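Notes to accompany the following structure.
This is how it looks when you write it as C-alpha cells:
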C-alpha cells in the first residue's frame, strides 16, 4: 500500500517528471489521481460465468464508467478529462459503453455459512469440506430473481489443499475463507504451513515466521526477486488476517506489522529501479546451470567454424547457440555416429559374405549349371526344381538348402 501511495504521489506532483502511469482496472477503485487522459489498452477482460467457467468478455458498463471517470478532477490542473483507446477499433465500443447507464444491481450473492456446513457434516460425517460445499449448492434452492450462489472455486481449492491436515470443521472453514491469490505458489505454501502449525496447537510465532520467509530479505536484483517480495508481503497480510480470528495462536501481530513496513520500503526501493530490474531479468542467468549455458554459448560463438559435415546442420547450430548442446557433447555424437557407420559397414560386409557362401553351397548341392540356375527355358527350370525338391526330401532337415535361393521361373 505504501508503495502504491508513493507512486500516486509522484504522479500527482506537477513538478515530478513522472507523467504516465500504467495500471490495472483497479485504478477505478478509489485512488485520488490528477489524470488528464485515460487510455484503455484493452476492453476485454476474463470473467466467470454462472457455471464458474472462465471466459473473455467486454468489461461492464460500470467498470468502464469507473475507469473513464478518473480522467479530469475538480480543483486540479486537469478539470477536464479525455478518454480514448489504444486500438482504433475499440473506440466505437468504448463510446457505446460510456453512453449507457450502469446495470442495476438486482441480485445478491449467497454463500453457505459455517453453521449450515456443520449441519450437513453432522449428517454426512465422512464427506470432505469441498464435497459438502458441492452438496449444499446442488440441494439449495434460491429465488433466482433476487439471489445467486457465489462462486466457490477458491474456497474449494483451499479446502482440497488442507484436506489432509487434521483440523476441526469450523477452523477449517475459516482457513478456507482466507484471502489468498492461489496463483502465487509461495503464499499457498505458507498457508499450508500455517494450517499444519495450527493443527498441532502450536503458536505461529514471530521467530517461526521469520525463519520460514527467510527474513531479513535483500533488495531485489531482478523482477523475479521483486515478485517474490510481493508474495512475502501477502504472507504477512495473511498472518495479520488470521491474527484477528485466532489471536491465541497468531499472537505477534505487532512485530509482523513492523517487518511488513520494512518490507514495503524494500519493495518501494525495487520499484524505483524497475527499469534496471527489467534489464537484469533479460540478461542475468537465474541459476548456475543458466550461467554455464551462457558461457558455453559465448565460447561457441567465439570459436572459428571448422568445416565438418557431421553435426553442423542448422539444428545443431541452434542447439549450440542456445547452450543446449556443448562442443564436448557434439564431439561425442560425432564419435558415436562414426562408430555406428563402421559397425553398419561391418554388418553389411558380413551379410554379403554369408549370402555369397550360401549361394556357393547351393550351387554345389544342386549340381545345376548356370543355364539351369538362370532358367533359360521352361524344361530346364522344371528339371532343376524337381532335383532340388528330391534332394531336400532326402536330407533329414533340409539344412543343406537353408541358404539357397528360389529358382526363378522362366520369363
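Residue numbers (the working numbering): 6 to 416. Beta carbons: idealized from backbone N, C-alpha and C, even for Gly. In this text the structure is predicted, and so the values were computed from the model without any measurement.
Proximity of residue i and residue j at Cβ, strictly below 8 Å
{"i": "residue 265", "j": "residue 210", "result": "no"}
{"i": "residue 235", "j": "residue 175", "result": "no"}
{"i": "residue 72", "j": "residue 63", "result": "no"}
{"i": "residue 187", "j": "residue 165", "result": "no"}
{"i": "residue 268", "j": "residue 237", "result": "yes"}
{"i": "residue 102", "j": "residue 43", "result": "no"}
{"i": "residue 114", "j": "residue 75", "result": "no"}
{"i": "residue 70", "j": "residue 107", "result": "yes"}
{"i": "residue 8", "j": "residue 228", "result": "no"}
{"i": "residue 153", "j": "residue 167", "result": "no"}
{"i": "residue 178", "j": "residue 144", "result": "no"}
{"i": "residue 94", "j": "residue 45", "result": "no"}
{"i": "residue 243", "j": "residue 196", "result": "yes"}
{"i": "residue 68", "j": "residue 36", "result": "no"}
{"i": "residue 239", "j": "residue 170", "result": "no"}
{"i": "residue 172", "j": "residue 204", "result": "yes"}
{"i": "residue 111", "j": "residue 99", "result": "no"}
Coarse secondary structure for residue i, derived from DSSP in three states
{"i": "residue 244", "result": "helix"}
{"i": "residue 264", "result": "helix"}
{"i": "residue 42", "result": "strand"}
{"i": "residue 170", "result": "coil"}
{"i": "residue 87", "result": "strand"}
{"i": "residue 129", "result": "coil"}
{"i": "residue 224", "result": "coil"}
{"i": "residue 164", "result": "helix"}
{"i": "residue 108", "result": "coil"}
{"i": "residue 181", "result": "helix"}
{"i": "residue 159", "result": "helix"}
{"i": "residue 101", "result": "helix"}
{"i": "residue 251", "result": "coil"}
{"i": "residue 175", "result": "helix"}
{"i": "residue 239", "result": "helix"}
{"i": "residue 187", "result": "coil"}
{"i": "residue 345", "result": "helix"}
Per DSSP, the bridge partner or partners of residue i
{"i": "residue 114", "result": "153"}
{"i": "residue 62", "result": "50"}
{"i": "residue 76", "result": "40"}
Same chain, Cβ closer than 8 Å to residue i, five either side skipped, listed in chain order
{"i": "residue 275", "result": "224, 225, 230, 231, 234 and 282"}
{"i": "residue 207", "result": "254"}
{"i": "residue 140", "result": "125, 129 and 132"}
{"i": "residue 138", "result": "117, 122, 157, 160, 161 and 164"}
{"i": "residue 147", "result": "115, 153 and 154"}
{"i": "residue 217", "result": "195 and 198"}
heavy atom of the ligand FAD below 7 Å from residue i C-beta
{"i": "residue 244", "result": "The model depicted lacks the ligand FAD and carries no ligand whatsoever."}
6 Å Cβ shell around residue i - same chain, five flanking residues per side excluded
{"i": "residue 25", "result": "none"}
{"i": "residue 52", "result": "62"}
{"i": "residue 222", "result": "none"}
{"i": "residue 249", "result": "none"}
{"i": "residue 119", "result": "175 and 178"}
Residues near residue i by beta carbon distance below 7 Å, same chain, minus five either side
{"i": "residue 184", "result": "246"}
{"i": "residue 83", "result": "39, 40, 41 and 77"}
{"i": "residue 285", "result": "226 and 227"}
{"i": "residue 104", "result": "none"}
Within-8 Å CB hit, residue i to chain C
{"i": "residue 124", "result": "Chain labels in this structure do not include chain C; a single protein chain is all it has."}
**Report entry** Within the stretch 190-220, ranges of the alpha helix (DSSP H) (whole runs, at least 4 residues)
**Finding:** 190-204 and 211-218
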